[in-house]
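Numbering (the working numbering), first residue to last: 252 to 320.
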């Protein structure tokens, strides 16, 4: 499909061709960046669950200590 679009815009002039090439390039780069971002967010969400569990454990220990005093 990309080749068909490029062939069409070749007939429309160099600026149209550069515009289409830049558009396709940016769309591909954004897709790759979005994939990396999603993978990073998944890693952060896994770590977030661990941190929340640890905080709850600390909170329960602190409340237990304060009740003993």
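The beta-carbon is built from N, C-alpha and C at its ideal position, and this holds for glycine as well.
Distance between residue j and residue i (C-alpha atoms, nearest Å)
{"i": "residue 311", "j": "residue 298", "result": "20 Å"}
{"i": "residue 277", "j": "residue 315", "result": "56 Å"}
{"i": "residue 338", "j": "residue 258", "result": "Past the edges of the chain, shown from 252 to 320, lies residue 338, and the structure says nothing about it."}
{"i": "residue 253", "j": "residue 293", "result": "32 Å"}
{"i": "residue 267", "j": "residue 283", "result": "25 Å"}
{"i": "residue 305", "j": "residue 313", "result": "12 Å"}
{"i": "residue 264", "j": "residue 275", "result": "17 Å"}
{"i": "residue 271", "j": "residue 281", "result": "15 Å"}
Endpoints, alpha helix (DSSP H) assigned at residue i
{"i": "residue 314", "result": "265-319"}
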